[in-house]
Every structure is written in C-alpha cells, then in structure tokens.
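Below: one structure, written as structure tokens.
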Amino acid sequence: MRTFLLSIGFVQSIADSSLFIYRQGVHTIYFLLYVDDIVVTGSNDQLMQSFIDTLGRGFDIKDLGPLHYFLGLQVTPHSHGLHINQIKYAHDLLSKHDLLLSKPVSTPMSAKSDLHATDSIVLDNPTTFRELVGSLQYLTITRPDIAFAVNTISQFMSQPRVSHLVAVKRILRYIKGTLGHGLLFTPQHQPVTLSAYSDADWAGCPITRRSTSGYLVYLGSNLISWCSKKQPTIARSSAESEYRSLAHASAETTWLGYLLYELGARIQFPILLHCDNLSATYMASNPVFHARTKHIELDYHYVREKVARGSHRVCFIPSKDQPADLLTKPLHKSRHLLFSDKLVRPGPPSLRGAVRENQSSHPIIPRISSIK
C-alpha cells in the first residue's frame, strides 16, 4: 500500500508513518491506514471520490461510506462539530461484566483512596481484573476523565487483590453514569493556538513516593492529547516534579506541532505551557538555577531549551484553575465535575437521529474503507 500511495503522489508523514498526504492545487487528501482499515478525508468531495476509485482499481477494498465507527470509536456529527465517543464499547463492557444495572457514582476514584500492593486478599483468579484494566485503558482514548484512575489501578496487574477489583468496578460504575460522554471537536480558525496544561502530584504514590505527571494539550478549544503517568524517579521537591511534567508536555506539543505542520495547519507561536508552580516556571525560564537543578536528568531540561529558543512559553496558572489536576490525583466530587465537564461532553440525545439531522452541515465527512 505504501509503495502504491507514493507512486500516485502521496507523501508519507514523518510525524506519523500511518498517515499519507496528497496535495493538488488548493485541495488536500489525508489517508490514514491502520492494518486493513482506512480513513480518507480531504477538502474536496470529487477529488476524494476519484482517489477512492483509483484505490479500488489497485486493491480489493470495500467502501463503507461516511465515517461513523472506527476501531471502537464512534464519530457522530454534532450541531457544533464532531463528537467522538466509545459508547458501544463501554456499553458492551458493562454488559459483559453484569454492571448495566449497577448504581452510578460521581467520581471514578474516591478522593480518600489509598490503594496498596498488600491491601486485602489476593484474587484467586486475576484474569477478570486484568481484562477489565486492559479494556479501561482502551476506553481512555476518548475518556481523559478516567485516565488517572486507570493509570493508578494498572500498577497492580502482577498480583491484584480484592480491593483493587473493587476500585476497578467503581470506575465502571462511573462510566455507567457518564456513558454518553466523549470528545467534542469544533471548527477552529487559523492560525490556531496550541497550548498545554501541566501538573504533578509530588510524592503522591504511597508505595514508591514517586510523583504523578499529567498534561492536557489543546488545539484551540479542542482537547487533542493527554497523559497521566507516574514519574520514573523520585523528585526532591514539588518544583522538581512540576518541572519534569513540563518537560513531558513540551515534548508532546513539539511532536504535535510537527504533525500539524505536515497537515497544513498554521499555529501561533510560542506554544503556551500552563503550570501552577511558580518555582517550576522560573526553572524553565532561568538557566542560572544550577544548584537546584544540577541533579535533574539532562533530558528534562528540554523544556528550558524550547523556552530559550522562543518556541514555547511557560505561563503561571492558579491551582484552582488547573484542569490537569484531574490527571494527577483523585478529586472530590465538586472539583472533579468542574474539570471533567471541560474535558468530555455528552453526545447528541439520539446518535442515529443526530447523524441524519446534521450531515448536511458537514459536507466533507471522513470516509472509511477496509481492505478485503
């Protein structure tokens, strides 16, 4: 497939090897290949159809029409843009484990949660626990609001206990109450801003005393990337843990900047990194802090180099307004709802009806095909 696409004028993306781009005058076609599934979109319907016809002459493919379902993700035209969710996947997961009638909870993890590797009794059969965690990890593709809880529970895969299974089922009960939630993507005007919110919970892990990093990346008002991950080494201060998290966020925004450039999007520079720790913002902007930072691994100073070059700028944000807080620790109900409502949105009341109603307002809807 790669050889064929290159032979007819497509260029393979450097940032994402599964993406191919074709340009003809003012029009562009984007071709995404995942094993034997294909998504095609572009700026001109006729050019897209011509390409699909050409592809059909070279390969045995099946045109599945406008994109509605891809790799477990549902794509639904919305009055404000496109809503991407995993409602069917989540519903099937709840059904498989007899939790469709369970009582919903308002947060995926209790704010007082304090899970340990030696909590309670070891599960006789850990298979169900591991299957559930793996399924929830896939669900985080469209559900950043459960990313921290899933990341936390994933740390007990080797010898899960009863308390860990209870924590997993709490996440599923939260999903039950927010089944229709997903990501809403709205049109943006160029040049568009690329910004990130970075946070860390210093020494938050009660077992290793390592910190947890979390970041959210926005393209305009659209959330396009996020991460919740335990840091590999112990941080000596809260500023250091926040500085490490900034480095992760700057690396992700740099890669996304490359990808957006290849897609033809114009973004505003500098890229903004929002951090709620003043010391970390000073460390990212001031190379003189040698005594306080000399022990930090060199790769974490990546953010300092980006700031010095002018491609990134670190901005202070008050902790009460930091949405990445959701990715670093379990929050109380009010604070969790405050931030989760900014990350995920409920889909249209009737997905099927919404597709028929709104298709006319989206003349260029991605097409999906499969190689037989």
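1 is the number of the first residue of the sequence shown in the UniProt record's numbering; add one for each residue after it. A virtual CB, placed ideally from N, CA and C, is assigned to each residue, including glycine.
Out of the options, state which residue places its alpha-carbon closest to the alpha-carbon of residue i.
| i | options | result |
| --- | --- | --- |
| I224 | I207, E305 and T186 | T186 |
| D145 | P366, F59 and K342 | K342 |
| Y258 | H301, S311, E305 and I141 | S311 |
| A149 | R57, S319, S228 and D37 | S228 |
| H336 | R143, R345, P323 and L73 | P323 |
| Y22 | K306, L94 and L6 | L6 |
| L136 | K62, D124 and L94 | L94 |
| P191 | A265, A15, N286 and M48 | A265 |
| residue 405 | P346, E305 and K169 | No answer is possible for residue 405: it lies beyond the span of the chain, which begins at 1 and ends at 372. |
| V162 | T142, L115 and Y138 | L115 |
| K96 | S238, D36, T128 and P270 | T128 |
| S154 | E131, I29 and R143 | E131 |
Cβ atoms of residue j and residue i: under 7 Å apart, would you say?
| i | j | result |
| --- | --- | --- |
| H248 | I317 | no |
| L272 | R313 | yes |
| K329 | G204 | yes |
| P348 | V39 | no |
| G72 | Q86 | yes |
| L216 | Y197 | yes |
How would you label residue i, buried or exposed, when you count the other beta carbons within 10 angstroms and need 16 or more for buried?
| i | result |
| --- | --- |
| A167 | buried |
| H332 | exposed |
| T208 | exposed |
| P108 | buried |
| T152 | buried |
| P160 | buried |
| A111 | exposed |
| G214 | buried |
| V133 | buried |
By Cβ distance below 6 Å, which residues in the same chain neighbour residue i in space, the five residues on each side in sequence not counted?
| i | result |
| --- | --- |
| L260 | I267 |
| L351 | Below a pLDDT of 50, predicted positions are generally treated as unreliable, and L351, at 47, falls in that range; no measurement from the model is reported. |
| L19 | S13 and L32 |
| S113 | P330 |
| I175 | A90 |
| S195 | Y218 and L272 |
| S102 | R173 and K176 |
| H83 | T76, G182, L184 and G347 |
| Y69 | none |
Can you give me the Cβ contacts of residue i inside the same chain, cut-off strictly under 7 Å, excluding the 5 residues immediately before and after it?
| i | result |
| --- | --- |
| S241 | A200, W202, S211, Q231 and A235 |
| M1 | L33 |
| Y302 | A247, S250 and A251 |
Enumerate in chain order the residues of its own chain whose CB-to-CB distance from residue i is below 8 Å, with the five nearest sequence positions on each side excluded.
| i | result |
| --- | --- |
| H80 | L184 and T186 |
| S319 | D276 and D325 |
Quick one: measure Cβ to Cβ for residue i and residue j, integer angstroms, because I've assumed they're closer than 8 Å.
| i | j | result |
| --- | --- | --- |
| V122 | R173 | Between R173 and V122 the Cβ distance is about 23 Å, and since that is not below 8 Å, they are no contact. |
| I8 | T41 | With 8 Å as the limit, I8 and T41 do not qualify as a contact, their Cβ atoms being about 17 Å apart. |
| W226 | A117 | Wrong, their Cβ atoms sit about 26 Å apart, outside the cutoff. |
| L246 | A308 | Their Cβ separation, rounded to whole angstroms, is 14 Å, which puts L246 and A308 out of contact at 8 Å. |
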